[in-house]
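Heads up, the sequence shown is in this note's numbering, so the first residue is 241 and it goes up one at a time.
Positions of the beta carbon are idealized from the N, C-alpha and C atoms, including for glycine.
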Amino acid sequence: MTTTTHNSCDPAFDFAALSKSGVRALQPYQPGKPLDELEREYGIRNAVKLASNENPLGPGPLVLERIRGELGELARYPDGNGFALKQALSAKLGVGTAQLTLGNGSNDVLELVARAFVDCGDEVIFSQHAFAVYPIVTQAVGARAVVTPAADWGQDLDAMRAAIGDRTRLVFVANPNNPTGTWLTGAALQNFLDAVPSQVLVVLDEAYFEYAADGATGATGYPSGIAWLSRYPNLIVTRTFSKAYGLAGLRIGYGVSHPQIADLLNRVRQPFNVNSLALAAASAALEDTDHLAHSLQANAHGMAQLTGGFESLGLEFIHSAGNFVSVRVAVRDGMSGLDVYEALLRQGVIVRPVANYGMPEHLRITVGTAAENARVLDALKTTLVVP
Ligand SMILES: *Cc1c(COP(=O)(O)O)cnc(C)c1O
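Shown next as structure tokens:
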């Protein structure tokens with residue numbers, strides 16, 4: 241019998257060489273810096289985090305009550321089919337329950353689409369400055385990412401359509417996009433969908449749907465992709481409870497599609513990919529329309545506060561339909577977005593550097609509470625305005 245002991249110092253032993261080539265080349269997703277990490281590293285208290293597009297109000301009281309009600313059942317597996325939540329979503333969205341795929345966050349659904357439909361050597365199209373998860377799920381399945389240039393920070397649908405070739409299996413469109421906040425109109429998207437061959441899947445990522453659909457963001461012509469599903473069977477719309485519903489920590493989102501696509505996605509997902517607290521919380525969140533309205537109103541006020549503050553400081557920003565805004569901060573000689581990010585960290589304010597999105601002069605700032613927004617504006621003033 242042969243026994244082998246593996247020694248990490250043995251140069252002949254290289255796990256990277258064993259890994260799939262797409263995985264080896266992956267750049268891991270960079271999350272926002274956690275609050276307690278900043279407090280630990282910088283010895284700062286009362287830091288604020290406006291880095292991950294979380295709802296500053298958190299979940300509403302009904303959600304918290306339902307979660308407490310679930311605690312006695314934690315030893316049991318969750319409902320692997322998410323029956324009750326699918327019923328609620330079906331009624332709300334006017335789609336069949338067979339069209340729904342629940343995910344451990346909508347990220348999970350994005351990955352399921354790639355795993356179910358995209359093979360090694362296929363091509364996946366998305367735009368420059370698009371959400372960082374698209375390149376990750378593309379590369380992880382060994383496919384080739386085709387990145388089209390942005391136009392005025394937004395996704396250029398003409399360029400995306402022109403990039404479609406024989407190997408194209410999937411196109412990711414974010415509406416609105418993160419980190420730019422730019423949105424596409426219903427007319428532009430329908431023209432695009434009309435031109436996409438039916439064997440090419442289109443994922444329309446509507447993670448910020450509730451904000452963008454709220455008139456207060458000024459996203460004129462902003463559509464709901466769900467209304468088009470019967471017309472475009474190759475369309476998959478994804479949404480999440482992480483943003484406007486304030487449940488990012490519980491991880492729950494969903495896809496809406498042709499039932500056959502949903503069936504295939506359900507075959508590749510883990511049997512219990514959504515946990516019981518998340519299922520209970522999401523159903524309650526859909527019922528608590530007051531809390532959602534309150535969250536949207538707070539976002540509209542906060543967005544006006546932030547953008548008004550940027551204007552006073554003479555900073556350019558990209559008009560956003562979400563709960564975040566990217567602002568150009570590299571306005572002083574030799575100072576990059578990352579330098580400003582670090583200067584803000586030292587003042588106890590975490591925002592998101594976006595150099596990895598091809599935006600080295602910008603920072604993405606999540607709309608927080610009025611007090612948090614004031615903190616970030618003060619810190620920007622201290623950093624950028626020469627006294
Ligand atoms: C936040 C976000 C998501 C989803 O996040 P989950 O927490 O996994 O639901 C998806 N797409 C975009 C563009 C996002 O910004």
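Check this for me: beta carbons of residue i and residue j, under 7 Å apart or not?
i	j	result
Pro299	Gly486	yes
Lys483	Ala447	yes
Val580	Thr623	yes
Ala570	Glu601	yes
Phe564	Thr606	yes
Leu469	Leu490	no
Ile466	Val496	yes
DSSP on residue i, reduced to helix/strand/coil?
i	result
Arg316	coil
Ala459	coil
Ser566	strand
Ser346	helix
Val580	helix
Arg509	coil
Pro593	strand
Ser367	strand
Tyr494	strand
Phe481	coil
Thr606	strand
Gly283	coil
Does the Cβ of residue i have 16 or more other Cβ atoms within 10 Å, making it buried, or fewer, making it exposed?
i	result
Glu281	exposed
Gln545	buried
Thr529	exposed
Thr460	exposed
His534	exposed
Asp359	exposed
Pro437	exposed
Lys260	exposed
Lys326	buried
Gly309	exposed
Gln395	buried
Val353	buried
Leu314	exposed
Pro301	exposed
Pro389	exposed
Tell me which same chain residues have a C-beta within less than 8 Å of the C-beta of residue i, skipping the five on either side of it?
i	result
Leu397	Val413, Leu424, Ala428, Leu429, Asn431, Phe432
Arg306	Ala520, Ala521, Ser523, Ala524
Lys332	Leu526
Asn596	Gln267, Gln270, Ala372
With residue i and residue j assumed to form a contact (beta carbons below 8 Å), what rounded beta-carbon distance in angstroms separates them?
i	j	result
Thr341	Ala502	5 Å
Ala488	Ser292	7 Å
In chain order, what residues of the same chain have a beta carbon less than 6 Å from the beta carbon of residue i, not counting five sequence neighbours either side?
i	result
Leu617	Gly549
Lys273	Ile590
Ala328	Ser523, Leu526
Gln587	Ala619
Asn641	Residue 641 lies beyond the stretch modelled for the chain, which goes from 241 to 627, so this question has no answer here.
Thr337	Lys326, Ser330
Looking only at its chain, what residues have a beta carbon closer than 7 Å to the beta carbon of residue i, apart from the 5 residues adjacent to it on each side?
i	result
Ala453	Tyr462, Ser464
Pro593	Gly577, Leu578, Tyr581, Leu603
Arg355	Val381, Val508
Leu585	Leu278, Tyr282
Tyr317	Phe512
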